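Data first, discussion second: the structure below is written as structure tokens.
In the numbering used here, the protein residues as written are 6 to 583.
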């Protein structure tokens, strides 16, 4: 408990006492970015040393955090990123132990030096008025911070309050730690947030939701895949000329039928299409209430709001996570249907296991390609349990053949879904899909468009861009990290640098602790599977990076979410050593 109190106080000091708190009042003509870059000495300004807020005409007051003022010597202030006028009414920077830096009067604003794309500017009673000649007007401020006495007594009082709060929470919530009872409690709160987000967010306010909505609409009144050239489904095609109805996923069939049922309750159409994912998250919640091992599998779902966010709108990623969660529960629970089926406990279990598990795995086979590493890890874990643990000591051979039977049924489900596509559209299915892509994709993403006229994110390798440039200049890893832990809408809503740094280093510490325990104390099976999961996670990241380089620059953390149920399996297998 002492260590937790010390950690909480240290985090508070680092993120709130040892940072500059910036208050901004700004008037802009249109939605834009207000940025502050920082540098020390002769250091160049860089994107990784920048804090940003999104400004809009309806709002004037904003806040942000900057690093410790003692480490800074220069600031670059970008008032807006459009050609036109803006007025910075107020800029105040405060850090405990240092004199505040205020810009509220004409004399104070005149200290700023215009650098680039500032056509006209004036420091008056209303603040700093700027008229830009381009999209990036910038000013520079040379810092000469003055130390002040730090109020040690008030800081000590805050530390005592934080420590007391930690003690109260740990004491009061202590019973919830037993058997991970806190997991369903937290999931219930999350479920309420999911429902609220689904209800208040506007239609197509989330990544690519319009194509998911249109594909779901098709299956409200259909059971079979469409004819690719059918004019009635043209609204399902994205700007890339691709329809979700042609990718083999069964999510849209389930979502369409559930939407039709939900509409019977006279709810708005867009909300009805989101109810299926809300329902899936509710099932996860119920499973964790009933089953301890389900709580272990659900633990990774608690690490990021970005994961819950997927369940608040119409998208197939939530469906994929749900079935991967079910599969993870089957692997780690010694009393699961999978374990009882492989042991051949009764004829009912054999029949139910073969059918239910076969259908479940068949659906998993039909998920997006980024779930292939999870499928490989699932079968690896099951085979390791059969061959190298005592759970199937007397039934190894029979368990192996039963696993093969389940896989054959799953492949049958997979084949039936693909067979329906080929049966309706013929053996030249892929040629027809490509033809529709060329017909319906906008010029930026059309295969027939010359490379020089395509969107800059397409085929970066062919343009001469190196992997190093993707990583360093385009900050691919940083973008993926941030979109894994809190970037919403069409990438227009994000957190502060302080938030991402807190998540980053807390995550590093958590992973170091967990994998240290798994590798040092998990034995051959636990440590080996942890290593395999880590290797598959690295491979998935590598494939995503290669895709961003050679096909389309996509820096979205959700493509790496198959790692989450893999981590749930690793924790479930190793939970006794943590």
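Using N, Cα and C, we set each Cβ at its ideal position, and we do this for glycine too. Computed from a predicted model, the values in this text were never measured in an experiment.
Can you tell me which of 328, 84 and 224 puts its alpha carbon nearest to the alpha carbon of residue 367? The shortest CA-to-CA distance from residue 367 to any of 328, 84 and 224 is the one to 328.
Return the Cβ separation of residue 537 and residue 520 in integer angstroms, given the expectation that the two are a contact with Cβ distance under 8 Å. About 12 Å; that fails the 8 Å criterion.
With respect to the alpha helix (DSSP H) encompassing residue 378, which residues constitute its N-terminal and C-terminal limits? Residues 377-393.
Nearest-angstrom Cα separation, counted from residue 334 out to residue 183: 19 Å
Residue 258 - containing alpha helix (DSSP H), residue span: 256-267
Report all residues from its chain with a CB closer than 8 Å to the CB of residue 105; omit the five preceding and five following residues, and keep chain order. 97, 98 and 99
Using beta carbons (cut-off 8 Å, strictly below), is residue 148 in contact with chain B? The structure shown has no chain B; it contains just one protein chain.
Is it right to say residue 418 is buried, meaning 16 or more other beta carbons lie within 10 angstroms of its own, or is it exposed? buried
Have a look at residue 136 and residue 88 and give me their C-alpha separation to the nearest angstrom. 8 Å
Going along the chain, which unbroken runs of the alpha helix (DSSP H) with 4 or more residues stay wholly within the region 380-460? DSSP assignment within the region 380-460 yields the following whole alpha helix (DSSP H) runs of 4 residues or more, N-terminal first: 401-430 and 434-445.
Please report the Cβ distance between residue 369 and residue 421, rounded to the nearest whole angstrom; I am assuming they are in contact, meaning their Cβ atoms lie under 8 Å. Actually they are not in contact, since the Cβ atoms of residue 369 and residue 421 sit about 15 Å apart, beyond 8 Å.
Backbone secondary structure at residue 374 - three-state DSSP: helix
Specify the secondary structure class of residue 180 as computed by DSSP and reduced to three states. It is helical.
Can you tell me whether residue 86 is buried or exposed? The criterion is at least 16 other CB atoms within 10 Å of its CB, across all chains shown. buried
By Cβ distance, which residues of its chain are closer than 8 Å to residue 323, with the 5 residues on each side in sequence left out? In chain order, 282, 285, 286, 315 and 316 place their CB closer than 8 Å to the CB of residue 323, counting only its own chain and leaving out the 5 sequence neighbours on each side.
Runs of beta strand (DSSP E) wholly within the region 19-55 (minimum 3 residues, chain order): 25-33 and 37-44
Of the residues 390, 428, 380 and 30, the one placed nearest residue 415, counting alpha carbons only: 380
Beta-carbon proximity list for residue 462, same chain, < 7 Å, skipping 5 on both sides: 557 and 558
For residue 90, which three-state DSSP category applies? strand
Please work out which residues of its chain come closer than 7 Å, Cβ to Cβ, to residue 212, disregarding the five sequence neighbours upstream and downstream, and give them in chain order. Counting only Cβ-Cβ distances below 7 Å, and skipping sequence neighbours, we find 495.
Reduced DSSP secondary structure (H/G/I, E/B, other) of residue 73: Of the three classes helix, strand and coil, the one that applies to residue 73 here is coil, per DSSP.
Using the Cα positions of residue 365 and residue 571, report the straight-line distance between them to the nearest angstrom. Residue 365 and residue 571: Cα-Cα distance of roughly 17 Å.
Three-state class that DSSP yields for residue 495 in the structure shown: Under the three-state reduction of DSSP, residue 495 is assigned to coil, being neither helix nor strand.
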